[in-house]
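Position in the sequence shown (from 1) plus 5 gives the number in this note's numbering.
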Amino acid sequence: MAPKQLPAVLLAACATLLALAAPLLAGDPDMLQDVCVADYKSLGGPLRLNGFPCKRPENVTADDFFSAALALPGNTGAPAAAISAFNSQLPGTQSLALAMFAASPPVPTDVLARALQIDGGLVEAIKSKFPPK
């Protein structure tokens, strides 16, 4: 190796080592908590995770992760409404089948065959079932 190339090789080697070491230095040396159970009674407490007060891990119990409130049925006596309509009654909507198989200008058969991963003959058979726009 020529002596004039040595500084460039050393510089490249150092840059490579620094680039490889960067992810190692980016890690957080302090292990974060796995679980933060909110503790609203001690809002000024010393233990916080992302700004939220947490219970100390030794004070966390199984009851902190269970609520019987979800097991109780809610009030379903309130009236509800549902609207039922066909696509022909809603001109602003467009079904996916019409957009693919009856589009104007038509989507090429080979594109649909690749997108749907089916045979081109099957795509043509499906296209024949849709009226042209």
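The beta-carbon is built from N, C-alpha and C at its ideal position, and this holds for glycine as well.
Practice item. Could you please give the first and the last residue of the uninterrupted alpha helix (DSSP H) stretch that includes Asp115? Key: Here residue 115 corresponds to residue number 110 of the sequence shown, with the count starting at 1. Here the alpha helix (DSSP H) through Asp115 covers Thr114 to Leu121.
Practice item. Give me the Cα-Cα distance between Ala20 and Ala26, rounded to the nearest whole angstrom. Key: For the purposes of this step, residue 20 is identified with residue 15 of the sequence shown, where counting begins at 1. For the purposes of this step, residue 26 is identified with residue 21 of the sequence shown, where counting begins at 1. Computed Cα separation, rounded: 10 Å.
Point to revise | Buried or exposed by the 16-neighbour rule on C-beta atoms within 10 Å, applied to Phe135 | key: Here residue 135 is taken as the residue at index 130 of the sequence shown, counted from 1. Exposed is the call here.
Check your understanding: Cα separation between Leu117 and Pro96?
Key -> Numbered from 1 along the sequence shown, position 112 holds the residue referred to as residue 117. Numbered from 1 along the sequence shown, position 91 holds the residue referred to as residue 96. Straight-line Cα distance between these residues: approximately 25 Å.
Review point. Tell me the DSSP bridge mates of Ala43?
Key: Here residue 43 corresponds to residue number 38 of the sequence shown, with the count starting at 1. Its beta-bridge partners are Cys59.
Exercise for review: Tell me whether the beta-carbon of Val42 lies closer than 8 Å to the beta-carbon of Asp68.
Suggested key: Locating residue 42 in the sequence shown gives position 37, where the first residue counts as 1. Locating residue 68 in the sequence shown gives position 63, where the first residue counts as 1. No; because the gap between Cβ atoms is not below 8 Å, this pair is not in contact.
Check your understanding: alpha helix (DSSP H) containing Ile131: first to last residue?
Key -> Along the sequence shown, read from residue 1 onward, the residue named residue 131 stands at position 126. Per DSSP, Ile131 belongs to the alpha helix (DSSP H) from Gly125 to Lys134.
Review point. Where does the unbroken alpha helix (DSSP H) through Ala102 begin, and where does it stop?
Key: By 1-based counting over the sequence shown, the position of residue 102 is 97. If you look at Ala102, you'll find it in the alpha helix (DSSP H) that goes Leu101 to Phe106.
Point to revise | Chain-order list of residues whose beta-carbon lies under 8 Å from that of Asp115 (same chain, five-residue window excluded) | key: Taking the first residue of the sequence shown as 1, we reach residue 115 at position 110. Hits under 8 Å: Gly125.
Check your understanding: According to the neighbour-count rule (16 or more other Cβ atoms, all chains shown, within 10 Å of its Cβ), is Val40 buried or exposed?
Key -> The count along the sequence shown starts at 1 and reaches residue 40 at position 35. So Val40 ends up on the exposed side.
Review point. Apart from the five residues just before and just after Lys132, which ones in its own chain have a Cβ nearer than 6 Å to its Cβ?
Key: Taking the sequence shown and counting its residues from 1, the one referred to as residue 132 is at position 127. The answer, listed in chain order, is Phe106.
Review point. Nearest to Cys59 by CA position, among Ala83, Val128, Asp44 and Leu75, is which residue?
Key: Taking the first residue of the sequence shown as position 1, residue 59 is located at position 54. Ranking the options by Cα distance to Cys59, first place goes to Asp44.
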